[in-house]
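Novice: Residue numbers (our numbering): 737 to 921.
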């Protein structure tokens, strides 16, 4: 998990000295689906503080009397599997296989080919389904809600500005250049 400051010029923002390595998830196996929240919890705590009230710098080169800096997580860039685990989406084998719309596995006929009939998921949809999952009394109820909606709780939803319907980006390197997209479909 690494963070990049998008305020830096593009020619230096991806240099190792300008990237923040938040953590490395230990191997050799991938963590279970519900473990990502544990890794993200402390990062989200810090991002919430950096968003409101922000970080006060007592003095900078340009601002003699100091400056408040705000920080926000603008997008989540992962491969398809990583994005689904981190954001709490159902996997590609789930009945609600699409993270962008309410399209269901097993649709056939004109509904599957007519993209205009697909109902897009919204930030409110995600948050309501994730909150239901979080508020569930037990694991059995959580599993029922997940089967119905294809959404689990994600720590990223604690960020008031984060919109999973717009802020999750599938990493082109893993999916196109390395040819992994063919494994997902």
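Every residue gets a Cβ at the ideal spot worked out from N, C-alpha and C, and that includes glycine.
Return yes when the Cβ of residue 882 is within less than 8 Å of the Cβ of residue 897, no when it is not.
Specialist: For residue 897 and residue 882, no; Cβs fall outside 8 Å.
Novice: Any contact of the segment 792-799 with the segment 767-780, i.e. 3+ C-beta pairs under 8 Å?
Specialist: The segment 792-799 is not in contact with the segment 767-780.
Novice: Any idea which residues DSSP pairs residue 805 with across the strands?
Specialist: DSSP lists 791 as partners of residue 805.
Novice: Okay, do the segment 855-870 and the segment 745-756 touch, 3+ Cβ pairs below 8 Å being the bar?
Specialist: With the cut-off at 8 Å, the segment 855-870 and the segment 745-756 do not touch.
Novice: Apart from the five residues just before and just after residue 921, which ones in its own chain have a Cβ nearer than 7 Å to its Cβ?
Specialist: In this prediction, residue 921 has a pLDDT of 44, which is less than 50 and means its spatial position is unreliable; what the coordinates show is noted afterwards. Counting only Cβ-Cβ distances below 7 Å, and skipping sequence neighbours, we find nothing.
Novice: For residue 904, which of helix, strand or coil comes out of DSSP?
Specialist: Of the three classes helix, strand and coil, the one that applies to residue 904 here is strand, per DSSP.
Novice: Using DSSP's beta-bridge definition, name the partner residues of residue 834.
Specialist: None, per the DSSP bridge assignment.
Novice: Ordered along the chain, which non-local residues of its own chain (more than five positions away) have a Cβ less than 7 Å from that of residue 893?
Specialist: Correct list, in chain order: 863, 866.
Novice: Can you grab the Cα-Cα spacing for the pair residue 917 / residue 806, in whole Å?
Specialist: Because the pLDDT at residue 917 is just 48, under 50, the model does not fix this residue reliably, and the value given afterwards should be weighed accordingly. So the alpha carbons of these two residues sit roughly 36 Å apart.
Novice: Roughly how many whole angstroms lie between the Cα atoms of residue 906 and residue 818?
Specialist: Each residue's Cα considered, the two are about 9 Å apart.
Novice: Do you know how far the Cα of residue 796 is from the Cα of residue 803?
Specialist: Taking the straight line joining both Cα atoms gives about 7 Å.
Novice: When DSSP labels each residue in this structure, what does residue 739 get in the three-state scheme?
Specialist: If DSSP states are grouped into helix, strand and coil, residue 739 belongs with the strands.
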